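Engineer: Please read through the structure below; I'll follow up with questions.
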Amino acid sequence: MAELSGAPREACGIFAVWNHPEPVGLVLRGLYALQHRGQESAGVAVRTPAGELAVERGMGLVGEALPPERLARLRALAPDAALGHVRYSTSGASRLENAQPFLVRLHQGASALAHNGELVNAGRLRRALERRGSIFRSESDSEVIAHLVAARPEPDLGAAFLEALHMLQGAFALALLGPSALWAVRDPYGIRPLTLGRLGPAVVVASESCALDAVGAEPLGEVRPGEAVEIGPGGLRRLRYARPQEGDREALCLFELIYLARPDTLLAGGDVHSFRKRSGRLLAREAPAAADVVVGVPDSSLSAASGYAEALGLPYEMGLVRNRYVGRTFIEPEEAGRDDRVRLKLNAVRPVVAGRRVALVDDSLVRGTTARQIVDLLRAAGAAEVHLRIASPPFRFPCRYGIDASKRGELFAAGRTREAMRAELGVESLAFLSLEGLLEAAGESASRAGAGGSRRFCTACFRGDYPVPLLDDEEAAEPGSALPLPPLRLEEVS
Ligand code: SF4
4 MAELSGAPRE
14 ACGIFAVWNH
24 PEPVGLVLRG
34 LYALQHRGQE
44 SAGVAVRTPA
54 GELAVERGMG
64 LVGEALPPER
74 LARLRALAPD
84 AALGHVRYST
94 SGASRLENAQ
104 PFLVRLHQGA
114 SALAHNGELV
124 NAGRLRRALE
134 RRGSIFRSES
144 DSEVIAHLVA
154 ARPEPDLGAA
164 FLEALHMLQG
174 AFALALLGPS
184 ALWAVRDPYG
194 IRPLTLGRLG
204 PAVVVASESC
214 ALDAVGAEPL
224 GEVRPGEAVE
234 IGPGGLRRLR
244 YARPQEGDRE
254 ALCLFELIYL
264 ARPDTLLAGG
274 DVHSFRKRSG
284 RLLAREAPAA
294 ADVVVGVPDS
304 SLSAASGYAE
314 ALGLPYEMGL
324 VRNRYVGRTF
334 IEPEEAGRDD
344 RVRLKLNAVR
354 PVVAGRRVAL
364 VDDSLVRGTT
374 ARQIVDLLRA
384 AGAAEVHLRI
394 ASPPFRFPCR
404 YGIDASKRGE
414 LFAAGRTREA
424 MRAELGVESL
434 AFLSLEGLLE
444 AAGESASRAG
454 AGGSRRFCTA
464 CFRGDYPVPL
474 LDDEEAAEPG
484 SALPLPPLRL
494 EEVS
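With the working numbering as the guide, the letters of the sequence shown map in order to residues 4 to 497.
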């Protein structure tokens, strides 16, 4: 439920193309496919065959932020590569100066940077850079990365960028467009996704594979955790810039699967729709409801709801309808309270729910505000009973890796028992999918996940087991305590 206030929201989406005669149009199509990942701002940077860079950025949805006249200015440069970004802020306010890509003039050359994720040592790095004389124009983590590159002595942009990566801690999927190459990078745990594709002689980089489909690109596989891919005139060069984490631990954000990614995206070895449907089936096994009809919360919960209904042999019906035409800008906080916002976006289908026991399936329960209002909508439409089923475990710990759920006090499940949550939501019953069930849906053995924690996925918001220490938080509690890791050596892998 990305558009409603009760769910976490995604940080950003990245789409880039190298070696294409019309890269601006291609990036635009890619950004439209990634619009669900960020609706606050959008931007496109281009690179010309002569190595010149230019950028256009704006606030709002892709169509608002990048009107035809802005795109025409970029097209007039006859570029052959472009990098695009859609943003939802989890660090830094919603302002144009925080929009991406960032175009910076470094001593190594001009470059445009786009970032998805959140650094856990951004505050510490920023203070260190400011002490060395760096002047920041924005509050975004991404500008910290640009300044780190600028502070490196290496004259070559790619070499300086790779060295700067060693200073970063946290979640980052990055793309850097320079005068002579495009770089695509994932953090050592692979918390945020990034994938590669090929379109004839062009190479494409995207946050999700659904954007590759949108431009007709053939998938080339994910950028691996700890990998930097250089795409240039010589083709594709893959470098492992970080050693594999202990025990080959990876930590893809489980929320990408639960609700952030589009259902038609391929992630973690499968498609997101099938994962969600499996999670619904397992939820039915763990917590069957005595209901007459199953209703999913549009849109991200529909796959799980259909799996839940199938497993129980119950009818699955459209009991809630979403209004897709209420724009983001229309619903400003001062214009409408949270209740009104939900009512503007959702309505119950009275004949489906009136007089019936409804099993309401949602993908997650984060702040609890939206769920409460949806329950009210169903009651007002005559539902006899509401049994709320959540296709993920209680979200009890804040996320510091790029999801807008960073304050523990905002988390509904933190400090509440299940019975207290049920009573506050006003439902007849409430049940969550277990973490073991969720990991089983994602293809990881339940026993392994239950014993020592997942080896493939981040589960920190459910268990508090943060794969990357929260360095800025630790430093705030104890100044000087959190030192970045020393640089590691580069190692060419293919
Ligand atoms: S803490 Fe939760 S939301 Fe944040 S990256 Fe980990 S799994 Fe995703």
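Idealized CB from N, CA, C, for every residue including glycine.
Model, not experiment: these values are computed from the prediction.
#1: Between F258 and the ligand SF4, is there a pair consisting of the residue's CB and a ligand heavy atom that are separated by less than 7 Å?
#2: Quick one: using the 10 Å Cβ neighbour count with 16 as the cut-off for buried, is N119 buried or exposed?
#3: Taking only heavy atoms of the ligand SF4 into account, decide whether any of them is closer than 7 Å to the Cβ of A463.
#4: Could you give the distance in angstroms between the alpha-carbon of A176 and the alpha-carbon of Y192?
#5: In whole angstroms, what separates the C-alpha of D274 from that of V329?
#6: P52 lies in the beta strand (DSSP E); which residues open and close that run?
#7: In the DSSP assignment, what residue or residues form a beta bridge with F18?
#8: Enumerate, from N- to C-terminal direction, the unbroken alpha helix (DSSP H) stretches of 4 or more residues contained entirely within the region 79-157.
#9: Is Y404 near the ligand SF4, in the sense that its beta carbon is under 7 Å from a heavy atom of that ligand?
#10: Below 6 Å CB to CB, which residues in the same chain sit around R281 once its five sequence neighbours on both sides are set aside?
#11: From the DSSP secondary-structure annotation, give me the bridge partner or partners of E388.
#12: Considering Cα atoms alone, identify which of L349, A374, A387, R370 is closest to G358.
#13: Whose C-alpha, out of S141, A117, Y262, is nearest the C-alpha of L197?
#14: At a cut-off of 7 Å, is I393 close to the ligand SF4 when judged by its beta-carbon and the heavy atoms of the ligand?
#15: Run the CB neighbour count on K462, radius 10 Å, all protein chains shown included, and call it buried at 16 or more, exposed below.
#16: For P26, report the span of its alpha helix (DSSP H) as first-last.
#17: Which of the three DSSP states is assigned to L315 in this structure?
#18: With respect to the alpha helix (DSSP H) encompassing L165, which residues constitute its N-terminal and C-terminal limits?
#19: Would you call the region 129-136 and the region 103-114 touching, i.e. three or more CB-CB distances under 8 Å?
#20: Within the present structure, is the beta-carbon of A176 separated from the nearest heavy atom of the ligand SF4 by less than 7 Å?
#21: Which value, in whole angstroms, describes the spacing of the CA atoms of L441 and L285?
#22: Rounded to whole angstroms, what's the CA-CA distance from E249 to G173? Just pull it up for me.
#23: From S309 to G299, what distance separates their C-alpha atoms?
#24: According to DSSP, is T332 part of a helix, a strand, or is it coil?
#25: Measure the alpha-carbon distance for R279 versus S306 and round it to whole angstroms.
#26: What span of residues does the alpha helix (DSSP H) with T198 cover, start to end?
#27: Any chance you could list the beta strand (DSSP E) runs of at least 3 consecutive residues sitting entirely within the region 225-261, in chain order?
#28: Could you give the residue range of the beta strand (DSSP E) that holds A351?
#29: Going by Cα to Cα distance, which pick from R399, G112, T373 is closest to D159?
#30: Using CA coordinates, which residue listed in V47, E439, N22, A154 is at the minimum distance from G136?
#31: Would L433 and R425 qualify as a contact pair, given that the criterion is a beta-carbon distance under 8 Å?
#32: Please look up how many angstroms separate the CB atoms of L368 and A416, rounded, as I've assumed it's under 8 Å.
#33: Considering only heavy atoms of the ligand SF4, does any lie closer than 7 Å to the CB of I234?
#34: Look at the alpha carbon of L260 and the alpha carbon of L269, and state the distance between them as a whole number of angstroms.
#35: Could you pull the start and end residues of the alpha helix (DSSP H) that F465 belongs to?
#36: Could you give the distance in angstroms between the alpha-carbon of P236 and the alpha-carbon of N124?
Structural biologist: According to the structure shown:
#1: Within the cutoff, so yes.
#2: Buried.
#3: Yes.
#4: Within the model, the alpha-carbon separation for A176 versus Y192 is close to 11 Å.
#5: Rounded to the nearest whole angstrom, the CA to CA distance from D274 to V329 is 29 Å.
#6: Here P52 belongs to no beta strand (DSSP E), and DSSP marks it neither H nor E.
#7: In the DSSP output, where bridge partners are listed per residue, F18 has G87, A209.
#8: Taking 4 residues as the minimum length, the alpha helix (DSSP H) runs contained wholly in the region 79-157 are 125-134, 144-154, in order along the chain.
#9: Under cutoff, so the answer is yes.
#10: Within the same chain, and ignoring the five residues on either side of R281 in sequence, the residues whose Cβ sits closer than 6 Å to its Cβ are A444.
#11: In DSSP, E388 forms a bridge with R360.
#12: For G358, the nearest C-alpha among the options comes from A387.
#13: Checking every option, the nearest Cα to that of L197 belongs to A117.
#14: For I393, the shortest separation between its Cβ and any heavy atom of the ligand SF4 does not lie below 7 Å.
#15: Note that residue 462 corresponds to Thr in the displayed sequence, not to Lys. Taking all protein chains in view, the Cβ of T462 is crowded by 16 or more other Cβ atoms within 10 Å, so the residue is classified as buried.
#16: Run containing P26: 26-36, per the alpha helix (DSSP H) assignment.
#17: L315: helix per DSSP, three-state reduction.
#18: That run of the alpha helix (DSSP H) goes 160-168.
#19: Output reads no: the region 103-114 does not touch the region 129-136.
#20: False, no ligand heavy atom lies under 7 Å from that Cβ.
#21: Each residue's alpha carbon lies about 8 Å from the other.
#22: Rounded to the nearest angstrom, the two C-alpha atoms are 16 Å apart.
#23: Linking S309 to G299 through their CA atoms gives a straight-line distance of about 8 Å.
#24: With a pLDDT of 45 at T332, under the threshold of 50, the predicted position of this residue should be treated as unreliable, though the coordinate-derived value follows. The three-state secondary structure of T332, taken from DSSP, is coil.
#25: Rounded to the nearest angstrom, the gap between the Cα atoms of R279 and S306 is 5 Å.
#26: Here T198 belongs to no alpha helix (DSSP H); instead the beta strand (DSSP E) covers 198-202.
#27: You should have 230-235, 238-243.
#28: From DSSP, the beta strand (DSSP E) with A351 extends over 349-351.
#29: Nearest of R399, G112, T373 to D159, Cα basis: G112.
#30: Closest by alpha carbon: A154.
#31: Yes; because the gap between Cβ atoms is below 8 Å, this pair is in contact.
#32: The C-beta distance from L368 to A416 rounds to 6 Å, short enough to meet the 8 Å contact threshold.
#33: Judged by the Cβ position, I234 fails to qualify as a neighbour of the ligand SF4 at the 7 Å threshold, every heavy atom of the ligand being at least this far.
#34: C-alpha separation (whole angstroms): 10 Å.
#35: Note, F465: alpha helix (DSSP H), 463-466.
#36: Roughly 34 Å between the two C-alpha positions.
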